[in-house]
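Asker: The sequence shown: position 151 = 168 (my numbering), numbered continuously.
Built from N, CA and C at the ideal position, the CB exists for glycine as well.
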Amino acid sequence: MPEDLRIAVGSDRAGAAYAAALADHATAHPRVGSVIKVGPDEEAPPYPDIAFAGAQLIATGHADRALLICHTGLGMMIAANKVPGVRAASAHDPLSVEHAVTHNDAQVLCLGAAIVDLSMAKQLTDQWLGHTFDPTSRAASKVALITAYEQHRLRTVPC
């Protein structure tokens with residue numbers, strides 16, 4: 018299991034308390050080497066700006082994964098998925114968290130502060146950090162299809 022993961026953590030105002038608690042929680046995880054805070058301490062920018070910043074850290078190789086929190090997790094997920102090379106999932110139960118990583122190679126977990134309580138969010142974060150994607154699994158060919166489609170679209174869609 019790889020160690021020293023660089024985890025970006027960010028939120029909008031609705032997820033700020035969770036982001037602070039989960040950043041502290043992730044810091045103590047044995048696989049985490051560093052936590053990168055995304056966004057300012059004061060007035061949080063709109064959730065798309067936070068999601069883009071967190072996902073961009075992954076796309077540029079400055080972070081391995083990102084944990085993004087908003088009211089439902091859905092807005093962060095939609096925005097983060099707009100960054101090429103990034104796969105974000107909104108998951109609020111253990112099976113979805115496991116499959117997001119092991120079957121979909123999702124580098125971003127988006128949680129909803131209004132959907133799960135903080136105790137469950139910590140459990141889901143631990144599970145998310147504990148799972149890895151196996152590039153030799155049956156699921157790898159499906160992730161490769163997604164990546165190929167994305168790369169094809171980037172080459173063929175005019176700017």
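What distance in whole Å lies between the Cβ atoms of residue 84 and residue 43, which are believed to be in contact at a cut-off of 8 Å?
Answerer: In the sequence shown, residue 43 corresponds to position 26, counting from 1. In the sequence shown, residue 84 corresponds to position 67, counting from 1. Indeed they touch by this definition, with Cβ atoms about 7 Å apart.
Asker: Could you give the distance in angstroms between the alpha-carbon of residue 82 and the alpha-carbon of residue 24?
Answerer: Residue 82 sits at position 65 when you count from the first residue of the sequence shown. Residue 24 sits at position 7 when you count from the first residue of the sequence shown. Using only the alpha carbons, I get a separation of about 5 Å.
Asker: If we count the other Cβ atoms within 10 Å of its Cβ and call it buried at 16 or more, is residue 170 buried or exposed?
Answerer: Working through the sequence shown from its first residue, we reach residue 170 at position 153. Under this definition residue 170 is an exposed residue.
Asker: If you follow the beta strand (DSSP E) that residue 95 is part of, which residue opens it and which one closes it?
Answerer: To locate residue 95, count along the sequence shown from 1; it is residue 78. From DSSP, residue 95 is part of no beta strand (DSSP E) but of the alpha helix (DSSP H) over 91 to 97.
Asker: Evaluate contact between the segment 19 to 39 and the segment 129 to 148, counting only Cβ atoms and requiring at least three cross-stretch pairs below 8 Å.
Answerer: Touching, yes.
Asker: Quick one: is residue 64 buried, meaning 16 or more other Cβ sit within 10 Å of its Cβ, or exposed?
Answerer: Taking the sequence shown and counting its residues from 1, the one referred to as residue 64 is at position 47. The residue is buried, with at least 16 neighbouring Cβ atoms inside 10 Å.
Asker: Kindly indicate which three-state DSSP category residue 154 falls into: helix, strand or coil?
Answerer: On the sequence shown, position 137 is the one that residue 154 refers to. Residue state, collapsed to three classes: coil.
Asker: So, does the segment 49 to 58 touch the segment 94 to 105, judging by three or more C-beta pairs under 8 Å?
Answerer: No, because fewer than three Cβ pairs between the segment 49 to 58 and the segment 94 to 105 fall closer than 8 Å, the two stretches do not touch.
Asker: Can you have a look at residue 168 and say buried or exposed, based on whether 16 or more other CB atoms are within 10 angstroms of its CB?
Answerer: Along the sequence shown, one-based indexing puts residue 168 at 151. Flag for residue 168 reads exposed.
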